[in-house]
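The structure appears below as structure tokens.
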Amino acid sequence: MMNRLLAFWRRLVSSLWALPMVMVVIAVVAALLAIQVDWQLGDNPPWYLYSGSAESASHFLSNLVAAIITMATLAISITMVVLTLAAQQLGPRLIRGFMGDRRTQFSLGLMVSTVVYLILVLRASYLSGDQAPNLAVAIGTALILINVVALLIFVHHLARSIIADNVVVQVGAILDAEIERLLPSRDDQDTPEPTKFPKKSTAVALPRSGYIQSIDHSALVRAAADANAIIRLDVVAGDHGIQGATFASVAPPEAVTDELVEKMQGALVQGTATNSVQDLNYYIHQLVEVALRALSPSMADPFTAIAVVNRLSTSLERIMRRGETKNRWMDDEDKVRLITPRYDFKSMVDASFVKIRHYAKGSPSVQYRLIENLNQLAQESSPPQRAVLLQHAEASSPT
Numbered sequence: 057m058m059n060r061l062l063a064f065w066r067r068l069v070s071s072l073w074a075l076p077m078v079m080v081v082i083a084v085v086a087a088l089l090a091i092q093v094d095w096q097l098g099d100n101p102p103w104y105l106y107s108g109s110a111e112s113a114s115h116f117l118s119n120l121v122a123a124i125i126t127m128a129t130l131a132i133s134i135t136m137v138v139l140t141l142a143a144q145q146l147g148p149r150l151i152r153g154f155m156g157d158r159r160t161q162f163s164l165g166l167m168v169s170t171v172v173y174l175i176l177v178l179r180a181s182y183l184s185g186d187q188a189p190n191l192a193v194a195i196g197t198a199l200i201l202i203n204v205v206a207l208l209i210f211v212h213h214l215a216r217s218i219i220a221d222n223v224v225v226q227v228g229a230i231l232d233a234e235i236e237r238l239l240p241s242r243d244d245q246d247t248p249e250p251t252k253f254p255k256k257s258t259a260v261a262l263p264r265s266g267y268i269q270s271i272d273h274s275a276l277v278r279a280a281a282d283a284n285a286i287i288r289l290d291v292v293a294g295d296h297g298i299q300g301a302t303f304a305s306v307a308p309p310e311a312v313t314d315e316l317v318e319k320m321q322g323a324l325v326q327g328t329a330t331n332s333v334q335d336l337n338y339y340i341h342q343l344v345e346v347a348l349r350a351l352s353p354s355m356a357d358p359f360t361a362i363a364v365v366n367r368l369s370t371s372l373e374r375i376m377r378r379g380e381t382k383n384r385w386m387d388d389e390d391k392v393r394l395i396t397p398r399y400d401f402k403s404m405v406d407a408s409f410v411k412i413r414h415y416a417k418g419s420p421s422v423q424y425r426l427i428e429n430l431n432q433l434a435q436e437s438s439p440p441q442r443a444v445l446l447q448h449a450e451a452s453s454p455t
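Shown next, in the form of structure tokens:
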């Protein structure tokens, strides 16, 4: 359940409409309150508020509405251009990051909510007779000035957001945070005794096609305990499965019932795209995509590819200092009920460098930088990690 809530929350915060809609609701409430206060103030407003007639207030508000609509249209147009450029140069999967940017959401929300506020105040000014909405007009004027400043900051931010080096740094920082969240520290790593999965088992098929977005391991453990069985998962978050394909096996075979199969299938969250709830490779793939596009013949930008290699190497060094993911799950009686694939160091190095190594064959500068970083990482690694790193370094050699 927590994984489903986390997936929903991440979809919500990465949408371009959620924060603006909240700000629109706030604008509606603010407009109603300002109009109510104006009615209580009567015809003697404080000196610092708008002091014109109701007719002039209506004309003034009409001009403000026209101005802010123009600004909002400009901001939305700029946003669409930036998203198009980002999709072409950096990859369409990074669009989610741009859409989830708080400053972009706030800037668009500020302009849209100001439009709503001014329209409500303008309507009230026509219905108020000879009394001008002094406080509401003053607030609207202040909002316009704030929007002018916000537009300048917004344009500056968008211009910086499509610089490849900045994108690499931002995605790398998120990757490091996900490493801390998903990988246990070496001190906290749980290493139960190895458990062999019985040879006699029954396969369980996926109920639908799609990407595995998250897996409720606790629900699988409870289901296995209730059936007095052991479940072996064959998939991890981020894998793509086809309806009818095996995603798990259950032993003993006689423990498999329709109820158990339903519980197992219900523990999976599938969708049309991957997400970062449990998939550590999600942000690794985003960085790799930036590098592959930079190495394409149409761009031929080795500097961006080198920046990606450096950032991935930094994250791999952090991974080296963490433990491996849990692959044995026990019930309350300390009986192994679930066996899962493990995110090991080799799989993450492969995800980081195999594709880059292939595309960098025509770019010696990227190859040499990759080899240098792998050798540096090998100096601080454990013997099993060193073997993986040196294997990649040897495969990356241009000779």
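For any residue, its number in the numbering used here is found by taking its place in the sequence shown, counting from 1, and adding 56. Glycine included, each C-beta is placed from N, C-alpha and C at the ideal position. Predicted model only: the values in this text are computed from it and were never measured.
Less than 8 Å between the beta carbons of residue i and residue j, yes or no?
i    : j    : result
L166 : M77  : no
L401 : H448 : Rather than Leu, the amino acid found at residue 401 in this sequence is Phe. Cβ distance not < 8 Å, so F401 and H448 don't count as in contact.
S270 : A293 : yes
D282 : F303 : no
L239 : R378 : yes
V392 : L445 : no
L75  : F210 : no
L141 : I218 : yes
A407 : H341 : yes
Q435 : P454 : no
L214 : T126 : no
A259 : S305 : yes
A311 : L394 : no
G153 : R367 : no
N190 : I124 : no
R66  : S332 : yes
Between which two residues does the alpha helix (DSSP H) harbouring residue i extend?
i    : result
M386 : Per DSSP, M386 belongs to no alpha helix (DSSP H); it is in the beta strand (DSSP E), 384-386.
I200 : 190-217
F359 : 358-376
I286 : Not the alpha helix (DSSP H): I286 falls in the beta strand (DSSP E), residues 286-289.
R393 : No alpha helix (DSSP H) holds R393; the beta strand (DSSP E) holding it covers 392-395.
F401 : 401-415
I271 : First-last for I271: 266-271, but that is the beta strand (DSSP E), not the alpha helix (DSSP H).
A90  : 74-97
G165 : 158-183
Leaving out five residues on either side along the sequence, give the residues of the same chain with a beta carbon under 7 Å from the beta carbon of residue i.
i    : result
A307 : F253, P254, K256, S257, A285, I286
G156 : V69, S70
A329 : Y267
Within a Cβ cutoff of 6 Å, which residues of the same chain sit near residue i, ignoring the five residues on either side of it in sequence?
i    : result
V364 : V224, L343, V346, A347
Q334 : S270, A293
L72  : M155
Apart from the five residues just before and just after residue i, which ones in its own chain have a Cβ nearer than 8 Å to its Cβ?
i    : result
D485 : No answer is possible for residue 485: the residues shown for the chain start at 57 and end at 455.
G300 : A261, L262
Q452 : Per the sequence shown, residue 452 should be read as Ser rather than Gln. Once the five neighbours on either side are set aside, the close Cβ partners of S452 are F409, R413, A416, Q423, L426, I427, L430.
Take residue i as the anchor and find which of the options has the nearest alpha-carbon.
i    : options                : result
E318 : S403, R278, N222, V211 : R278
R413 : I235, E450, L141, Q441 : E450
A361 : A180, L150, P263, A416 : A416
S118 : Q161, S181, I151       : S181
D357 : D221, L75, E380, R237  : D221
L120 : A143, R158, E380, A198 : A198
S354 : Q144, S438, N190       : Q144
Q226 : A206, L150, G297       : L150
If you follow the beta strand (DSSP E) that residue i is in, where does it begin and where does it stop?
i    : result
G327 : 324-327
T258 : 258-261
T302 : 302-307
(request) Spell out a yes or no on whether the segment 122-137 and the segment 175-189 are touching, meaning 3 or more CB-CB pairs, one atom from each, closer than 8 Å. (result) no
(request) Evaluate the contact criterion for the segment 314-326 versus the segment 420-433: three or more CB pairs, one atom per stretch, below 8 Å. (result) no
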